[in-house]
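Take a look at the structure set out below.
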Amino acid sequence: MTSLFEIQPGQFSLSDLRSVWQTARPLKLASSAYAAINEASATIDKIVAKGDAAYGINTGFGKLAKTRIPDEQLELLQRNLILSHSVGSGELISDDIVRLILLMKIASLARGFSGIRASVIDSMIALYNAGIMPAIPVKGSVGASGDLAPLSHMTLALMGEGEVRVNGKLVDAKAALKEAGITPVVLAAKEGLALINGTQVSTALALNGLFLAERLLEAATITGAMSVDAAKGSDAPFDPRIHAVRGQPGQIATASIYRDLLQGSEIRKSHLINDERVQDPYCLRCQPQVMGACLDIINNAARTLLIEANAVTDNPLVFVDTGEVLSGGNFHAEPVAFAADTLALAIAEIGSISERRIALLIDASISGLPPFLVPSSGLNSGFMIAHVTAAALASENKSHAHPASVDTIPTSANQEDHVSMATFAGRRLHEMAHNTATIVGIELLAAGQGIDFHQPLATSEKLASVLQALRAKVAFYDKDRFFAPDIAAAKEMVLQGSLSAQCQSLYQHLYLK
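What follows is the structure in structure tokens.
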């Protein structure tokens, strides 16, 4: 049975977020959080009773903020807000990412600065625990004024409107709530705005990219080490003295991993003497410099996203100590956009250098291996077009890696005149990660093929364990066959973290926790 996860608002670790991303753990809100929630909600009640105009409580929204709404229409105001803002398009966000959205929104509201009733938060937790996932289209947010459209679709589910996903199937939200014994929420003053203002969708999409980037980094480091052995490359570039004099922490840590992965290789020992080559190509020799830089920016992005996951990002905010409701701009997702843009660079570069190693391995004039890594080349094409696929995906990622954060387009009649585009910045990471996973999967096949050609000489113990795991799924490529299933199997090993599991998760201690 999956263990209960208790939400302590503002205290998520990345390990917490990874676990919810991976598994649908039941949630519980810490009892200590309810005092702050109730105090903020009571503050909103006092403002309504007093009758003074307060943005988002008894006024219109955005450019309509000067329009005063009568008290008897405040519930209708919130309902209309959600219905009018539910304008998303595109495919639905996957359940693993929706879980993160709900988790972070619950925790943000529970910090007691949003003025939402505890009963609404409890309904969100009940929805989550019942396995009812709001149907949230992935497109329609510019990453400022909150992820308004996608979070409105999230809120529709609480209201029993529209569709939800249960066990992977789309069903009517009202029927799903009734089946689970959950009463649809009727939103009170400020509550709709609290629910749809915030950066949780952008952040969840970026976290998904972060967690995939971690797996790509691990897998590509392992396949890169395999390519060194397959090409009979040198391990001298991984000497700790080289990296110490530069001082870049990711580079130093990554070089250590390469040394560990290659230690004890009989293939390496076979060419320590009388090897005419002076230096290997950069895609082999400069792996610590490239992958180490990727590690550093992945961790930098992780720091930003962890702060954002714990943040209060709706507007306006309720400050109970003074009874004030202050309008600000915490909904602007620029930090998330920057983090996602740097993750895009890392994901693209991991794939780019992997593609170069595939190109090296199939080129007999450089690798010393059979042309295109197959016996009887000519009759067999071998890895020729698998490399073309890798090249196509690497090129595609270059276009995707263009920063989203430098774009902006004014909305809401120029009231919201500078936006972050963080939602797209995070969204495109998923496709980029799958592109890179395919490239690294092809390298896994190619490097494994090259190592097998060196038999009876054996690679290192750790790399041999990876090759053994691969061969349990994909046989040696002795002649042309339907190749796509092999690539799909190798890609899945990359995405699921199977390679790093075979090598005792060498990177795990280096990631931000």
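In numbering that gives the first Met the number 0, the protein residues as written are 0 to 512.
Positions of the beta carbon are idealized from the N, C-alpha and C atoms, including for glycine.
These numbers were taken from a predicted model, which means no experiment stands behind them.
State the CB to CB distance for the pair Glu-90 and Val-19, rounded to an integer number of angstroms; the pair is presumed to be in contact (CB under 8 angstroms).
No, Glu-90 and Val-19 are not in contact; Cβ-Cβ is about 22 angstroms, not under 8 angstroms.
What would DSSP say about Leu-101, mapped onto helix, strand or coil?
helix
Close-in-space but distant-in-sequence residues of the same chain around Thr-341 (CB under 7 angstroms, 5 per side omitted)
Ile-296, Asn-299, Ala-300
Following the continuous beta strand (DSSP E) through Ile-181, name the residue where it begins and the one where it ends.
Per DSSP, Ile-181 belongs to no beta strand (DSSP E) and is neither H nor E.
How many whole angstroms separate the CB atoms of Leu-126 and Leu-150, which I take to be in contact at a CB cut-off of 8 angstroms?
Not a contact, Cβ separation roughly 14 angstroms.
Just list the residues that DSSP pairs Glu-5 with in beta bridges.
Lys-27
Do you know how far the Cα of Pro-287 is from the Cα of Ala-488?
27 angstroms
Please confirm whether Ser-88 and Gly-139 have their CB atoms less than 8 angstroms apart.
yes
Identity of the residue in Arg-245, Glu-442, Cys-285, Lys-49 nearest Asp-70 by Cα:
Lys-49
Tell me which same chain residues have a C-beta within less than 8 angstroms of the C-beta of Thr-253, skipping the five on either side of it?
Thr-220, Gln-286, Pro-287, Met-290, Gly-291, Leu-294
Start and end of the beta strand (DSSP E) containing Arg-164?
162 to 165
Beta-carbon spacing of Ile-525, Ala-117 below 8 angstroms
The chain is shown from 0 up to 512; residue 525 falls before or after that span and cannot be answered.
List the whole-angstrom C-beta distance separating Phe-475 from Asp-451, where the pair is believed to meet the contact cut-off of C-beta under 8 angstroms.
6 angstroms
So what does DSSP say about Gly-114, is it helix, strand or coil?
coil
Roughly how many angstroms separate the alpha carbons of Asp-416 and Gly-167, rounded to a whole number?
38 angstroms
Does Met-420 come out as helix, strand or coil in the three-state DSSP assignment?
coil
What are the start and end residues of the beta strand (DSSP E) that includes Lys-138?
136 to 138
Do the stretch 299 to 315 and the stretch 169 to 181 make contact, defined as three or more Cβ pairs closer than 8 angstroms?
no
Buried or exposed: Asp-279, going by 16 or more other Cβ atoms within 10 Å of its Cβ?
buried
Exposed or buried, what is Asp-479 when buried is set at 16 or more other beta-carbons lying within 10 Å of its beta-carbon?
exposed
Proximity winner among Met-492, Asn-314, Lys-490, Val-335, relative to Leu-325 (alpha-carbon distances):
Asn-314
For the pair the stretch 464 to 472 and the stretch 417 to 429, tell me if three or more CB-CB distances fall below 8 angstroms.
no
Spatial distance of Ala-229 from Ala-446 (CA atoms):
6 angstroms
Those runs of the alpha helix (DSSP H) which lie wholly inside the stretch 350 to 386 and span at least 4 residues:
363 to 366
Work out the CA separation of Leu-80 and Arg-356 for me, nearest whole Å.
53 angstroms
Paired residues, beta bridge with Ile-131 - DSSP
Val-165
Please name the residue, chosen from Phe-11, Gly-322, Ile-135, Lys-189, that lies closest to Leu-155 on a Cα-to-Cα basis.
Ile-135
Please state whether DSSP places Ser-398 in a helix, a strand or coil.
helix
Taking Ala-174 as the reference, give the member of Gly-263, Leu-186, Gly-161 with the closest Cα.
Gly-161
Closer than 6 angstroms by C-beta to Leu-505: which residues in its own chain qualify, once you throw out the five before and the five after it? Chain order, please.
Ile-256
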